[in-house]
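A.B. asks:
Residue numbers (my numbering): 45 to 431.
Shown next as structure tokens:
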């Protein structure tokens, strides 16, 4: 099952840089609300106090210990100093069009607005490193003071980010840093969810739904992308360490988020007795769902990471996706903007900031949506839970 942004992707490939282009059109169609209710009002800028104080298992790409996003703060005096600077920012994303990405980008935009920072560009690399390099170079011509970005590939994009550093841009990374860049020197910080924790949560849910016994497959993201590798590694490690009655019988890689169906179909054909499949986030998980339906395997159990509308519907209706580990995209977006403020003020920042993994199952899907997106779940999800 492909996302609606597939057609948009084809258009963008032909037209080049997507600054406020199709990515934004898709965001308008997404279910994630524009603003999180926990961030309404004025006063000091802090992270949502309702985030649970759960331990974070993840470490940064250079072995950094995670600092809680809840420790970040800008005072009213600091906010005024930032406003007086008339700064600009660019948001250079790896892809867009999902509830998760919509929430993250909206959080950055809303928080920058409160900080008096003008957003001059939002780009979508469609998970292509060469596209992101081009995006960065085009954005640098706008001379932003700040850049928040998710490197598609830590190695092949590094040169472009080094150009940004040389230009004096304050860099805040989301999910992982470009290779060869040093925290506190070349970039301010990395903000992420607990990706290892989310992979482990997905494994725990899989084991729970299988009753501790069965055969499972892993659809993994076959690119040099720090966070998705952490999720799949954690899922596999957790199954092997904690659930001896569950056997991992197949693994298949994707480089395109829309290839989940293709890889899962091959897996189901080769292993007709497979009981469950893990996918690294909700978009490829939707493809696994489609493959299962085509194969007549509505009994297949799928777990994943990130709470989007379609997987939430499946969870609420006892469908193929039975649960997942969720990040907090809006809160992470706010954290990235706050850290950009730290850089502008010359305020010391932690090298790696994370939010905890949230376990989402049918029992708490509505409460989890409210925590993650700051608004009630879509009516379709609420209605599915009532049936």
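Just so it is clear, CB atoms sit at the ideal spot from N, CA and C, and this is done for glycine as well.
If we call anything under 8 Å between Cβ atoms a contact, is residue 194 one with residue 265?
C.D. replies: Within the chain shown, residue 194 is the residue found at index 150, counting from 1. Within the chain shown, residue 265 is the residue found at index 221, counting from 1. No, these two residues do not count as a Cβ contact at 8 Å.
A.B. asks: Buried or exposed: where does residue 179 fall if 16 or more other Cβ atoms within 10 Å of its Cβ makes it buried?
C.D. replies: The sequence position of residue 179 within the chain shown is 135, counting from 1. The residue in question, residue 179, is buried, as its Cβ has 16 or more Cβ neighbours within 10 Å.
A.B. asks: With DSSP run on the structure shown, which of helix, strand or coil describes residue 272?
C.D. replies: In the chain shown, the residue the question calls residue 272 occupies position 228. Here residue 272 sits in helix by DSSP.
A.B. asks: Run the CB neighbour count on residue 57, radius 10 Å, all protein chains shown included, and call it buried at 16 or more, exposed below.
C.D. replies: Reading the chain shown from its first residue, position 13 is the one you call residue 57. Any answer about residue 57 is weak, because its pLDDT of 29 lies below 50 and its placement is not dependable; what the coordinates show is given next. Exposed.
A.B. asks: Under 8 Å between the Cβ atoms of residue 198 and residue 228?
C.D. replies: Indexing the chain shown from 1 puts residue 198 at position 154. Indexing the chain shown from 1 puts residue 228 at position 184. For residue 198 and residue 228, no; Cβs fall outside 8 Å.
A.B. asks: Looking at residue 213: is its Cβ nearer than 8 Å to the Cβ of residue 232?
C.D. replies: Taking the first residue of the chain shown as 1, we reach residue 213 at position 169. Taking the first residue of the chain shown as 1, we reach residue 232 at position 188. No; because the gap between Cβ atoms is not below 8 Å, this pair is not in contact.
A.B. asks: Counting pairs of beta carbons, one from the segment 182-189 and one from the segment 415-429, are three or more of them closer than 8 Å?
C.D. replies: No, the segment 182-189 does not touch the segment 415-429.
A.B. asks: Identify the continuous beta strand (DSSP E) that holds residue 168 and give its terminal residues.
C.D. replies: The residue given as residue 168 occupies position 124 in the chain shown. Element bounds for residue 168: 162-168.
A.B. asks: If contact is defined by three or more beta carbon pairs under 8 Å, each pair taking one atom from either stretch, is the segment 245-256 in contact with the segment 304-315?
C.D. replies: With the cut-off at 8 Å, the segment 304-315 and the segment 245-256 do not touch.
A.B. asks: Just to confirm, are residue 263 and residue 328 a CB contact at a threshold of 8 Å?
C.D. replies: By one-based count along the chain shown, residue 263 stands at place 219. By one-based count along the chain shown, residue 328 stands at place 284. Yes; because the gap between Cβ atoms is below 8 Å, this pair is in contact.
A.B. asks: Within 10 angstroms of its Cβ, does residue 163 collect 16 or more other Cβ (buried), or is it exposed?
C.D. replies: Residue numbering aside, residue 163 sits at position 119 when the chain shown is read from its first letter. Buried: at least 16 other Cβ atoms inside 10 Å.
A.B. asks: Measure the C-alpha to C-alpha separation of residue 420 and residue 207 and round it to an integer number of angstroms.
C.D. replies: Reading the chain shown from its first residue, position 376 is the one you call residue 420. Reading the chain shown from its first residue, position 163 is the one you call residue 207. Roughly 42 Å between the two C-alpha positions.
A.B. asks: Using 8 Å as the Cβ pair cut-off and three pairs as the minimum, do the segment 346-361 and the segment 319-327 touch?
C.D. replies: Contact holds: three or more Cβ-Cβ distances are below 8 Å.
A.B. asks: Can you tell me whether residue 60 is helix, strand or coil according to DSSP?
C.D. replies: Position 16 of the chain shown, counting from 1, holds the residue named residue 60. Interpretation of residue 60 is limited by its pLDDT of 31, a score under 50 that renders its predicted location unreliable; the figure taken from the coordinates is listed afterwards. Residue 60: coil per DSSP, three-state reduction.
A.B. asks: Do you know whose CA, among 397, 297, 402, 118, lies nearest residue 105's CA?
C.D. replies: Sequence index remark: in the chain shown, residue 105 carries index 61 (1-based). The candidate whose alpha carbon is nearest that of residue 105 is 397.
A.B. asks: Using beta-carbon positions only, say whether residue 371 and residue 242 come within less than 8 Å of one another.
C.D. replies: In the chain shown, counting from the first residue as 1, residue 371 sits at position 327. In the chain shown, counting from the first residue as 1, residue 242 sits at position 198. For residue 371 and residue 242, yes; Cβs fall inside 8 Å.
A.B. asks: Suppose you measure from the CA of residue 391 to the CA of residue 118; what does that come to, to the nearest Å?
C.D. replies: Within the chain shown, the letter at position 347 stands for residue 391. Within the chain shown, the letter at position 74 stands for residue 118. Going by the C-alpha atoms only, they are around 10 Å apart.
A.B. asks: Under 6 Å Cβ to Cβ from residue 249, same chain only, skipping five residues before and after it: list those, please.
C.D. replies: For the purposes of this step, residue 249 is identified with residue 205 of the chain shown, where counting begins at 1. If we look at residue 249 and ignore the five residues flanking it on each side, its Cβ neighbours are 347, 367.
A.B. asks: Can you confirm whether the segment 147-156 touches the segment 75-84 when touching is taken to mean that 3 or more C-beta pairs between the two stretches lie within less than 8 Å?
C.D. replies: Cβ pair count under 8 Å is three or more, so yes.
A.B. asks: Taking only three categories from DSSP, how would you classify residue 366?
C.D. replies: Here residue 366 corresponds to residue number 322 of the chain shown, with the count starting at 1. Strand, per DSSP.
A.B. asks: Going by C-alpha distance, which of 236, 126, 209, 210 is nearest residue 218?
C.D. replies: Here residue 218 is taken as the residue at index 174 of the chain shown, counted from 1. Answer by Cα proximity: 236.
A.B. asks: Please determine, among 116, 167, 247, the residue with the shortest C-alpha to C-alpha distance to residue 286.
C.D. replies: Counted from its first residue, the chain shown places residue 286 at position 242. The shortest Cα separation from residue 286 among 116, 167, 247 belongs to 247.
A.B. asks: May I ask you to report which of helix, strand or coil DSSP gives residue 261?
C.D. replies: Residue numbering aside, residue 261 sits at position 217 when the chain shown is read from its first letter. Strand, per DSSP.
A.B. asks: Run the CB neighbour count on residue 274, radius 10 Å, all protein chains shown included, and call it buried at 16 or more, exposed below.
C.D. replies: Locating residue 274 in the chain shown gives position 230, counting from the first residue. By the 10 Å Cβ count, residue 274 comes out buried.
A.B. asks: Could you compute how far the alpha carbon of residue 185 sits from the alpha carbon of residue 385?
C.D. replies: The residue you call residue 185 lines up with position 141 of the chain shown. The residue you call residue 385 lines up with position 341 of the chain shown. Cα to Cα, the separation comes out at about 22 Å.
A.B. asks: Residue 423: buried (16+ other C-beta within 10 angstroms of its C-beta) or exposed?
C.D. replies: What you label residue 423 is simply residue 379 of the chain shown in a count that begins at 1. Flag for residue 423 reads exposed.
A.B. asks: Can you tell me whether residue 208 is helix, strand or coil according to DSSP?
C.D. replies: Within the chain shown, residue 208 is the residue found at index 164, counting from 1. Looking at residue 208 - three-state DSSP - the assignment turns out to be helix.
A.B. asks: Alpha carbon to alpha carbon, how far is residue 405 from residue 134?
C.D. replies: The residue you call residue 405 lines up with position 361 of the chain shown. The residue you call residue 134 lines up with position 90 of the chain shown. Cα to Cα, the separation comes out at about 36 Å.
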